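J.:
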Amino acid sequence: MTRYFNSAVFFTSIFIAQQTHAETITSDSLVQNTDIPATNNTGTVHDPLIVTATRTPVTVSQTLAPVTLITREDIEKSQALSLPDLLQNLPGIDLTTQGGLGKLASLYLRGTATGHTLFMIDGVRIGSATLGTTAIENIPLEQIDHIEIVRGPRSGLYGSEAIGGVIQIFTRKGGDNTRVNAKAGYGTYNTREADAGISGNSSLGHYTLHAASTQTDGISSLNNNNPDKDGYKNRSLTAGFNRALGDISDISVNFFHTDATTHYDDSYSPISTDIDWADSAQNILNSELKLYLADELDNVIRLSSQRDENSAFKNSLDNGQFDTLRKQFTWQGDYHLNSDNTFTLGYDRLAEEIDTSTSYTVSSRDNRAVFGQIQTGFAHQNIVLALRSDNNEAFGHHQTGNIDWRWNFSGNANMTASYGRAFKSHTFNDLYSPYGGNPGLLPEESRSVEIMTRINNNATQFSLNIYRTQIDNLIEWTPVDPNDPYSSWSPANVSAVTLEGMETEISTKLSSWTVRGNINLTNPRDNVSGNVLQRRVRQSARIDLDRDYENASAGISLQAFGSRFSDADNLVTLPGFSLVNLRSRYDFSKSLSLNGKIDNLLDKEYETVQYYNNPGRTVFVSLSYSME
20 MTRYFNSAVF
30 FTSIFIAQQT
40 HAETITSDSL
50 VQNTDIPATN
60 NTGTVHDPLI
70 VTATRTPVTV
80 SQTLAPVTLI
90 TREDIEKSQA
100 LSLPDLLQNL
110 PGIDLTTQGG
120 LGKLASLYLR
130 GTATGHTLFM
140 IDGVRIGSAT
150 LGTTAIENIP
160 LEQIDHIEIV
170 RGPRSGLYGS
180 EAIGGVIQIF
190 TRKGGDNTRV
200 NAKAGYGTYN
210 TREADAGISG
220 NSSLGHYTLH
230 AASTQTDGIS
240 SLNNNNPDKD
250 GYKNRSLTAG
260 FNRALGDISD
270 ISVNFFHTDA
280 TTHYDDSYSP
290 ISTDIDWADS
300 AQNILNSELK
310 LYLADELDNV
320 IRLSSQRDEN
330 SAFKNSLDNG
340 QFDTLRKQFT
350 WQGDYHLNSD
360 NTFTLGYDRL
370 AEEIDTSTSY
380 TVSSRDNRAV
390 FGQIQTGFAH
400 QNIVLALRSD
410 NNEAFGHHQT
420 GNIDWRWNFS
430 GNANMTASYG
440 RAFKSHTFND
450 LYSPYGGNPG
460 LLPEESRSVE
470 IMTRINNNAT
480 QFSLNIYRTQ
490 IDNLIEWTPV
500 DPNDPYSSWS
510 PANVSAVTLE
520 GMETEISTKL
530 SSWTVRGNIN
540 LTNPRDNVSG
550 NVLQRRVRQS
560 ARIDLDRDYE
570 NASAGISLQA
580 FGSRFSDADN
590 LVTLPGFSLV
600 NLRSRYDFSK
610 SLSLNGKIDN
620 LLDKEYETVQ
630 YYNNPGRTVF
640 VSLSYSME
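The opening residue of the sequence shown carries number 20 in my numbering; numbering runs sequentially from there.
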């Protein structure tokens with residue numbers, strides 16, 4: 020960690036000394052870095068609100084955690100076809116994919132495991148209670164309004180899973196004006212996309228309705244077996260309603276649905292005529308009541324349900340069903356003493372049930388939690404302190420928390436020091452699987468420290484983070500008898516890992532081009548063996564250049580990834596690679612636009628998981644219409 024700290028001091032000293040005056044950066048960049056207040060097209064600084072970092076609406080400049088905000092404008096400008104494509108190589112994020120669009124994607128936030136990132140949609144935690152992961156490849160971008168990514172532990176506010184961070188997705192909502200939008204596109208591998216929606220305001224309240232479809236013939240997932248095309252299709256729908264009830268409250272109801280089918284290759288069967296696929300569905304019904312009892316007192320009551328359904332088919336025959344039902348109740352009260360002091364108190368209850376084709380020894384559990392937070396500021400300092408206590412039927416009580424302290428220098432520079440404790444509860448597979456569950460497991464626990472520097476020099480925005488996380492009681496499935504090659508497997512708390520890293524971001528305006536770049540360095544190692552954790556990339560970088568013309572725009576993304584180990588023993592190395600992506604847009608009018616992109620321009624062959632293909636050069640063209 021010492022080398023990361025020395026680098027932080029070096030870069031910080033350069034930028035503090037560089038107090039030059041230049042053009043103000045605009046918000047037209049591909050992805051906004053909300054570590055620094057963004058600006059609009061006129062050059063005027065604006066400070067968007069985010070809620071995930073503190074569970075309260077705070078401006079970007081008030082946030083002490085490292086946060087990345089992806090707006091609807093950013094999504095459309097990127098022309099990404101999937102959530103993994105959009106998130107790949109953002110600060111702190113690395114992904115592996117197994118076969119192209121719609122295939123299994125695993126996200127490693129700051130080198131943590133896939134299950135160590137909490138995913139939410141509109142405040143509702145999502146994912147499979149049996150696997151303990153979220154199928155992000157099936158969350159359609161067409162239904163997303165914006166995404167907030169918080170890096171670093173947040174179990175003090177959210178409980179289990181928030182070791183590496185929290186990624187919260189917000190679906191589209193109705194505005195004051197009626198808006199109609201539609202899009203259709205076509206590209207390589209017979210990829211088709213279509214979506215349409217309407218939103219607005221009536222005498223009853225704000226409303227939105229949006230439907231989307233994505234389908235592709237795909238590529239062969241495996242390069243060493245089962246040489247057939249593995250297609251994918253996804254149908255999705257969101258609907259929402261919001262109504263103010265006088266001046267003291269408002270109520271909202273939102274529904275999210277996605278239904279996906281993906282074909283996959285069986286690594287044990289070389290027959291190309293095998294028909295193997297998986298069906299998955301996600302349904303979220305979320306209702307929320309906000310009460311404004313006084314100018315300084317807000318209350319939120321949320322009642323929601325989330326159903327995650329998964330079915331597998333082998334040669335067209337049923338090969339297993341694993342469904343999760345989560346029911347959530349949340350009350351949260353926020354007392355705003357003044358602009359510098361906010362106190363939060365809350366209660367969460369989560370009831371989980373599973374319905375599977377195999378019999379688990381336990382099929383339901385309950386988690387109740389209380390949490391509190393203080394946000395305060397004085398002189399040149401800001402402090403956020405959060406504490407939470409979870410009481411779970413599976414493992415009893417567990418306490419977590421985090422503290423963030425920031426010093427604001429003169430000018431537009433600050434430095435933040437943070438400490439956090441987080442945990443991840445066991446999955447139903449870990450504890451109760453009929454194939455070797457272990458009810459004696461301990462939860463995975465982590466301790467994290469971080470130093471963050473932010474500088475906004477008008478023309479240039481810069482942030483630098485160094486961090487260290489240690490995770491204990493890591494759960495792994497291992498042979499019951501290591502000397503028996505036919506031994507059954509069972510999960511156990513077998514290891515501890517240490518994750519050290521540095522993230523740096525910079526954005527600036529060069530002539531008519533908006534330039535944004537980031538570098539990620541991580542050192543994720545097993546404390547026992549000393550090996551690098553499998554499938555994690557240790558060095559990556561990204562540069563985005565975008566330019567707007569009178570009726571058009573153009574952009575290029577350059578991404579570079581270092582090598583990674585495919586196995587835990589570090590015997591198989593997957594080489595590093597670089598990708599070049601191009602994008603452009605032409606506006607026929609304010610309502611009608613033609614979009615085009617080329618991904619993997621140089622037709623690079625690469626693997627992020629051994630033996631699994633990734634798409635070669637792809638072209639996609641779409642026509643979009645929007646009227647307001």
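Glycine is no exception: its CB is placed at the ideal position from the N, C-alpha and C atoms. The structure displayed is predicted, hence computed values, not measured ones.
How should Thr87 be labelled, buried or exposed, when 16 other C-beta atoms within 10 angstroms of its C-beta is the threshold for buried?
T.: As a position in the sequence shown, residue 87 is number 68, starting the count at 1. Classification for Thr87: buried.
J.: Could you tell me the alpha carbon to alpha carbon distance between Tyr644 and Thr115, rounded to whole angstroms?
T.: Position 625 of the sequence shown, counted from the first residue, corresponds to residue 644. Position 96 of the sequence shown, counted from the first residue, corresponds to residue 115. Whole-angstrom Cα-Cα distance: 33 Å.
J.: Could you check where the alpha helix (DSSP H) with Asn448 kicks off and where it finishes?
T.: Counted from its first residue, the sequence shown places residue 448 at position 429. Per DSSP, Asn448 belongs to the alpha helix (DSSP H) from 447-451.
J.: For Gly635 and Leu102, what's the separation of their Cα atoms in angstroms?
T.: To locate residue 635, count along the sequence shown from 1; it is residue 616. To locate residue 102, count along the sequence shown from 1; it is residue 83. Their Cα atoms are separated by approximately 18 Å.
J.: Let me know if Tyr251 comes out buried or exposed under the rule of 16 or more other beta-carbons within 10 Å of its beta-carbon.
T.: Stepping through the sequence shown from its first residue, residue 251 is reached at position 232. Tyr251 is buried by the Cβ-count criterion.
J.: Determine whether the beta carbon atoms of Gly219 and Gly193 lie at a separation below 9 Å.
T.: Indexing the sequence shown from 1 puts residue 219 at position 200. Indexing the sequence shown from 1 puts residue 193 at position 174. It is a contact, given that the beta carbons lie within the stated cut-off.
J.: In chain order, what residues of the same chain lie with their CB nearer than 7 Å to the CB of Ser378, ignoring the 5 residues before and after it?
T.: Against the sequence shown, residue 378 aligns to sequence position 359. Same-chain partners within the cutoff: Pro453.
J.: Between which two residues does the beta strand (DSSP E) harbouring Ile145 extend?
T.: Counting from 1 along the sequence shown, the entry for residue 145 is found at position 126. Looking at the DSSP string, Ile145 is not in any beta strand (DSSP E), and its letter there is neither H nor E.
J.: At 3 residues or longer, what runs of the beta strand (DSSP E) sit wholly inside the segment 444-532?
T.: Runs found: 463-475, 479-498, 508-529.
J.: Based on DSSP bridge pairs, tell me the residues matched to Ser576.
T.: Against the sequence shown, residue 576 aligns to sequence position 557. BP columns for Ser576 point to Asp563, Asn600.
J.: Going by the beta-carbon positions, is the gap between Asp106 and Leu126 smaller than 9 Å?
T.: Taking the sequence shown and counting its residues from 1, the one referred to as residue 106 is at position 87. Taking the sequence shown and counting its residues from 1, the one referred to as residue 126 is at position 107. Residue identity differs from the one stated: residue 106 is Leu in this sequence, not Asp. The answer is yes: Cβ separation under 9 Å.
J.: By how many angstroms is the C-alpha of Glu569 removed from the C-alpha of Glu524?
T.: On the sequence shown, position 505 is the one that residue 524 refers to. On the sequence shown, position 550 is the one that residue 569 refers to. Cα to Cα, Glu524 sits roughly 29 Å from Glu569.
J.: How is Gln340 classed by DSSP in three states: helix, strand or coil?
T.: The count along the sequence shown starts at 1 and reaches residue 340 at position 321. Three-state result, Gln340: strand.
J.: Among the residues of its own chain, which have a CB less than 8 Å from the CB of Asp342, if the five just before and after it don't count?
T.: Working through the sequence shown from its first residue, we reach residue 342 at position 323. Contacts found: Arg326, Asp327, Glu328, Asn329, Ile373, Asp374, Thr375.
J.: Relative to the alpha-carbon of Arg387, which residue among Ala181, Ala370, Phe397 has its alpha-carbon at the smallest distance?
T.: As a working mapping, residue 387 is identified with position 368 in the sequence shown. Comparing Cα positions, the closest option is Ala370.
J.: For the segment 63-120, list the alpha helix (DSSP H) runs that are entirely contained and at least 4 residues long, ordered along the chain.
T.: Counting whole runs of 4 or more residues, the segment 63-120 contains the alpha helix (DSSP H) stretches 91-97, 102-106.
J.: Identify whether Gln553 lies in helix, strand or coil by the three-state DSSP scheme.
T.: Taking the sequence shown and counting its residues from 1, the one referred to as residue 553 is at position 534. It is coil, neither helix nor strand.
J.: Among Met434, Asn475, Ser408, Tyr451, which has the Cα closest to the Cα of Arg440?
T.: Here residue 440 corresponds to residue number 421 of the sequence shown, with the count starting at 1. Ranking the options by Cα distance to Arg440, first place goes to Ser408.
J.: Taking 8 Å as the cut-off, does the segment 513-531 touch the segment 487-501 (at least 3 CB pairs, one atom from each stretch)?
T.: As far as the Cβ criterion goes, the segment 487-501 touches the segment 513-531, which means the pair count is three or higher.
J.: Is the closest heavy atom of the ligand GTP to the C-beta of Ser330 under 8 Å?
T.: In terms of ligand content, the structure shown is empty, and the ligand GTP therefore cannot be addressed.
J.: Using three-state DSSP, classify Leu590 as helix, strand or coil.
T.: As a working note, residue 590 is residue 571 in the sequence shown. Three-state DSSP puts Leu590 in coil, outside helix and strand.
J.: Between Ala99 and Ser641, what straight-line distance do the alpha-carbon atoms span, to the nearest angstrom?
T.: Your numbering for residue 99 matches position 80 in the sequence shown. Your numbering for residue 641 matches position 622 in the sequence shown. Taking the straight line from one Cα to the other gives about 12 Å.
J.: Can you check which of these residues, Glu469, Asn157, Gln553, Ile617, is closest to Ala297 by C-alpha distance?
T.: Counted from its first residue, the sequence shown places residue 297 at position 278. Looking at the Cα atoms, Asn157 is the closest of the given residues.
J.: What residue range does the alpha helix (DSSP H) around Leu620 cover?
T.: Within the sequence shown, numbered from 1, the residue matching residue 620 stands at position 601. Unbroken run through Leu620: none, as it is neither H nor E.
J.: Under DSSP, the alpha helix (DSSP H) around Leu176 begins and ends at which residues?
T.: Working through the sequence shown from its first residue, we reach residue 176 at position 157. Where Leu176 is concerned, the enclosing alpha helix (DSSP H) stretches over 174-177.
J.: Classify Gln418 as buried or exposed, calling it buried when 16 or more other Cβ atoms lie within 10 Å of its own Cβ.
T.: Position 399 of the sequence shown, counted from the first residue, corresponds to residue 418. With fewer than 16 Cβ atoms within 10 Å of its Cβ, Gln418 is classed as exposed.
J.: Considering only residues of the same chain and omitting the five flanking positions on each side of Asn305, which have a CB-CB separation below 6 Å?
T.: As a working note, residue 305 is residue 286 in the sequence shown. Asp141, Val143, Asn273, Ser323, listed in sequence order.
J.: If the criterion is Cβ atoms closer than 9 Å, does the pair Asn209 and Thr233 meet it?
T.: On the sequence shown, position 190 is the one that residue 209 refers to. On the sequence shown, position 214 is the one that residue 233 refers to. Contact: no.
J.: For His40, I'd like the list of residues in its chain whose CB is within less than 6 Å of its CB, leaving aside the five on either flank, ordered along the chain.
T.: To locate residue 40, count along the sequence shown from 1; it is residue 21. Bear in mind that a pLDDT of 34 at His40, under 50, signals an unreliable position, so the model cannot answer this.
J.: Which runs of the beta strand (DSSP E) at least 3 residues long sit entirely within the segment 257-335? Give them in chain order.
T.: With a minimum length of 3 residues, the continuous beta strand (DSSP E) runs that stay inside the segment 257-335 are 268-282, 295-313, 316-333.
J.: How is the beta strand (DSSP E) around Glu647 delimited, first residue to last?
T.: As a position in the sequence shown, residue 647 is number 628, starting the count at 1. No beta strand (DSSP E) holds Glu647; DSSP gives it neither H nor E.
J.: Can you tell me the Cα-Cα spacing of Asn253 and Ala300, whole angstroms?
T.: Stepping through the sequence shown from its first residue, residue 253 is reached at position 234. Stepping through the sequence shown from its first residue, residue 300 is reached at position 281. Spanning the two alpha carbons is a distance of roughly 9 Å.
J.: Which parts of the segment 390-434 are runs of the beta strand (DSSP E), unbroken and 3 residues or longer, counting only runs that do not cross its ends?
T.: Listed in chain order, the complete beta strand (DSSP E) runs (minimum 3 residues) inside the segment 390-434 are 400-411, 415-427.
J.: What is the DSSP secondary structure of Thr380, reduced to helix, strand or coil?
T.: Locating residue 380 in the sequence shown gives position 361, counting from the first residue. Three-state result, Thr380: coil.
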